[in-house]
Amino acid sequence: MRKKPLLLHYYITNRCNSRCTFCSIWQDRPKFDVSIEDVTKNLEDAWRAGCTFVDFTGGEPLLHEKLPEFLDIAKRTGFITSVTTNCILFPDRAAELDGKIDLLHFSLDADNSELHDSMHGVKSYEQVIKSVDVAKKYHLTPDLLFSYSNENIDHFSGVAKFAQRNRIITILDPLFSLAGPDAISSATHEKAKNFAKLRGVYLNHAHLFLRSQGGNHTREPLCKAVETTVVILPDNKLALPCYHHRSVADPINKNLYELLKQSHREEALKKQGAYSFCEFCHINCYFDPSYTILKKKFFWLSMKSKFKYAFDKYIYFSNPLPITILITLLRRKFTLKTEKTIFTRFNTKFIKPGGE
Ligand code: SF4
Ligand code: SF4
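If you read the sequence shown in our numbering, its first letter stands for residue 10, the second for the next number, and so on.
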């Protein structure tokens, strides 16, 4: 069982230049942006705590003028980086991001501007299409992120064809409800499942299995959000147990590493998936890392799906990132092992049995 968190969800701003119908972050008040000092310290602490992946999110992360610097710091530290963008600013800022993002996602939710733009509340369809071409010039290989619901699933095939022409992956991501059971019908999930058989289309089948079980249940929790994920808010607070249902938000004050060992997180670790608001939960961003430590069917379904993603992206479409990921994971394993050996030797030599 994993004892250390794997993923840092870093909310670097709660500003957004879209008005998506399925999201409320753009309505948050007051507005905050993280500072470079806090990012530098928090990345150092999160790496030390065990995080290997950092997702710079928001809001719209490209609205933060210092995103390229954050990515530089993260890459220097050793993180595998990811960013999801609505693409409105991408063509103007792509040059600054050159080679700094390992997993880049462009949100595209329909094969026509009318539906996509109505879902996003602003005109952004054309910018996404343009961004795919722009990314190629800057050593960036985006995936298209298609957030599906009953309303737009029939507009997926055009997106998949566009992606295949451009030799990029499309991710089918089921929209989630923040409270209550899954609002997506089983017929829609079935269509998604069939689309996912196509070359270059990724869907984590563990999500579908979770939803077929009615999501998380508090009597027998599946969620490992606190164990696998660290969530930092734009006002530099640690959110627990997760972003969407944060019952605690502790100020970090340049002390993330210590904060991760303190009582609020310990309590949240015990209660993850068992709070009253956790009943029926199916929030993809927390279950995705949870599958890595869940047993049997969830783990294997997720692994099988990720294997298809990796095969399609890195072999079928020939992109070189797995080598980067492999090197990072080996480096992480080797570093931890070496540290453990050094500390064991140190303890044996200098610390008496029973001492602190
Ligand atoms: S672009 Fe992202 S953060 Fe902005 S409103 Fe849409 S879903 Fe929310
Ligand atoms: S089950 Fe859902 S609401 Fe509960 S802690 Fe996990 S992600 Fe948050």
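Built from N, CA and C at the ideal position, the CB exists for glycine as well.
Please return the same chain residues whose Cβ sits closer than 6 Å to the Cβ of residue i, not counting the five positions on each side in sequence.
{"i": "Gly167", "result": "Asp120"}
{"i": "Ile180", "result": "Asp152, Leu154 and Tyr211"}
{"i": "Phe355", "result": "Only weak support exists for where Phe355 lies, its pLDDT of 38 falling under 50; the value from the coordinates is given anyway. Here the set comprises nothing."}
{"i": "Leu112", "result": "Ser91"}
{"i": "Gln271", "result": "none"}
{"i": "Trp35", "result": "Cys25 and Arg28"}
{"i": "Val137", "result": "Cys96, Phe115 and Leu117"}
{"i": "Ser156", "result": "Asp118, Asp182 and Leu184"}
In chain order, what residues of the same chain lie with their CB nearer than 7 Å to the CB of residue i, ignoring the 5 residues before and after it?
{"i": "Thr86", "result": "Leu52, Glu53 and Trp56"}
{"i": "Phe143", "result": "In the sequence as displayed, the identity of residue 143 is Val instead of Phe. Phe99, Pro100 and Ala103, listed in sequence order."}
{"i": "Pro306", "result": "Checking the sequence shown, residue 306 turns out to be Lys, not Pro. Hits under 7 Å: Phe218."}
{"i": "Tyr266", "result": "Asp54, Arg57 and Ala58"}
{"i": "Gly189", "result": "Phe289"}
{"i": "Gly130", "result": "Ser27, Arg28, Cys29 and Thr30"}
{"i": "Pro77", "result": "Glu105, Leu106 and Lys109"}
{"i": "Thr357", "result": "Unreliable positioning characterises Thr357 in this predicted model, as indicated by a pLDDT of 43, which lies under 50. A coordinate reading is not provided."}
{"i": "Glu135", "result": "Ser122"}
{"i": "Asn175", "result": "Val141"}
{"i": "Lys361", "result": "Unreliable positioning characterises Lys361 in this predicted model, as indicated by a pLDDT of 36, which lies under 50. A coordinate reading is not provided."}
{"i": "His226", "result": "Glu288"}
{"i": "Asp259", "result": "Lys246, Leu247, Leu268 and His273"}
Quick one: give me the first and last residue of the alpha helix (DSSP H) that residue i is part of.
{"i": "Ile138", "result": "Tyr134 to Lys146"}
{"i": "Ile45", "result": "Ile45 to Ala58"}
{"i": "Phe185", "result": "Phe185 -> no alpha helix (DSSP H), and no H or E assigned at all."}
{"i": "Pro250", "result": "No alpha helix (DSSP H) holds Pro250; DSSP gives it neither H nor E."}
{"i": "Asp81", "result": "Leu76 to Thr86"}
{"i": "Gly3", "result": "In the structure as shown, the chain starts at 10 and stops at 365, and residue 3 therefore has no counterpart that could be examined."}
{"i": "Ser314", "result": "Lys305 to Ala319"}
{"i": "Gln173", "result": "Phe165 to Arg174"}
{"i": "Lys200", "result": "Ser195 to Phe204"}
{"i": "Tyr266", "result": "Leu265 to Leu268"}
Start and end of the beta strand (DSSP E) containing residue i?
{"i": "His291", "result": "Looking at the DSSP string, His291 is not in any beta strand (DSSP E), and its letter there is neither H nor E."}
{"i": "Lys260", "result": "For the sequence presented, residue 260 should be read as Pro rather than Lys. Taken as a continuous stretch (DSSP letters only), the beta strand (DSSP E) holding Pro260 covers Val257 to Pro260."}
{"i": "Thr90", "result": "Ile89 to Thr94"}
{"i": "Val131", "result": "Unbroken run through Val131: none, as it is neither H nor E."}
{"i": "Leu154", "result": "Pro151 to Tyr157"}
{"i": "Phe62", "result": "Phe62 to Thr66"}
Pick from the options: whose alpha carbon is nearest that of residue i?
{"i": "Lys140", "options": "His129, Asp101 and Phe307", "result": "Just to set this straight, residue 140 is Ser in the shown sequence, not Lys. Checking every option, the nearest Cα to that of Ser140 belongs to Asp101."}
{"i": "Tyr20", "options": "Ala248, Lys305, Lys270 and Leu310", "result": "Ala248"}
{"i": "Lys75", "options": "Ile45, Lys84, Val63 and Phe65", "result": "Ile45"}
{"i": "Asn366", "options": "Ile241, Tyr318, Arg255 and Tyr252", "result": "Past the edges of the chain, shown from 10 to 365, lies residue 366, and the structure says nothing about it."}
{"i": "Asn264", "options": "Asn203, Ile34, Asp37 and Ala58", "result": "Ala58"}
{"i": "Asn203", "options": "Ile162, Lys270, Arg228 and Pro190", "result": "Ile162"}
{"i": "Thr93", "options": "Val257, Ile110, His114 and Ala83", "result": "His114"}
{"i": "Gln222", "options": "His129, Phe289, Ala258 and Lys84", "result": "Phe289"}
{"i": "Glu105", "options": "Phe165, Phe79 and Ser127", "result": "Phe79"}
{"i": "Lys322", "options": "Lys304, Leu207, Ser156 and Lys109", "result": "Leu207"}
{"i": "His254", "options": "Ile178, Pro14, Ser285 and Arg228", "result": "Ser285"}
{"i": "Cys251", "options": "Asn293, Asn26 and His164", "result": "Asn293"}
{"i": "Pro183", "options": "Ser311, Ile302, Cys32 and Ala201", "result": "Ala201"}
{"i": "Ala205", "options": "Thr237, Phe185 and Phe165", "result": "Phe165"}
{"i": "Leu269", "options": "Val48, Lys84 and Lys246", "result": "Lys246"}
{"i": "Ile324", "options": "Asp37, Asn159 and Ile177", "result": "Ile177"}
{"i": "Phe5", "options": "Asp118, Ile97, Leu17 and Ile302", "result": "It is not possible to answer for residue 5, since the shown part of the chain is limited to 10 through 365."}
{"i": "Leu187", "options": "Gly224, Phe65, Tyr318 and Val257", "result": "Gly224"}
{"i": "Leu124", "options": "Lys109, Ser158 and Asp259", "result": "Ser158"}
{"i": "Asp64", "options": "Lys313, Asp37, Ser311 and Val239", "result": "Val239"}
{"i": "Cys287", "options": "Arg228, Ile334, Ser133 and Lys132", "result": "Arg228"}
{"i": "His291", "options": "Ala192, Lys145, Thr49 and Lys84", "result": "Ala192"}
{"i": "Glu160", "options": "Thr49, Phe326, Ser311 and Ser127", "result": "Ser127"}
{"i": "Ala319", "options": "Ser33, Lys84, Gly209 and Asp37", "result": "Gly209"}
Enumerate in chain order the residues of its own chain whose CB-to-CB distance from residue i is below 8 Å, with the five nearest sequence positions on each side excluded.
{"i": "Asp107", "result": "Tyr147, His148 and Leu149"}
{"i": "Thr22", "result": "Lys40, Phe41, Asp42, Val43, Gly67, Gly68, Glu69, Pro70, Leu72, His73 and Pro243"}
{"i": "Arg341", "result": "Thr61 and Gly87"}
{"i": "Phe316", "result": "none"}
{"i": "Thr237", "result": "Arg11, Pro14, Leu15, Leu16, Tyr295, Pro298, Ser299, Thr301 and Ile302"}
{"i": "Asp47", "result": "Asn245, Ile261 and Lys263"}
{"i": "Ile89", "result": "Thr61, Phe62, Val63, Asp111, Leu112, Thr333, Ile334 and Thr337"}
How about residue i: is its Cβ closer than 6 Å to a heavy atom in ligand 4?
{"i": "Cys25", "result": "Here the bound small molecules are ligand 1 and ligand 2; ligand 4 is not part of this structure."}
Jot down the residue ranges of each uninterrupted beta strand (DSSP E) in the segment 212-247, minimum 3 residues, whole runs only, in chain order.
-> 238-241
How about the segment 168-178 and the segment 265-281: do they share at least three Cβ pairs that are nearer than 8 Å?
-> no
Contact between the segment 297-313 and the segment 208-227: three or more CB pairs below 8 Å?
-> yes
Which whole runs of the alpha helix (DSSP H) in the segment 12-48 are 4 residues long or more, in chain order?
-> none
Can you give, in chain order, each stretch of the beta strand (DSSP E) that sits fully within the segment 93-122 and has at least 3 residues?
-> 112-116
Please confirm if the segment 181-197 is in contact with the segment 227-239, defined as three or more CB-CB distances below 8 Å between the two stretches.
-> no
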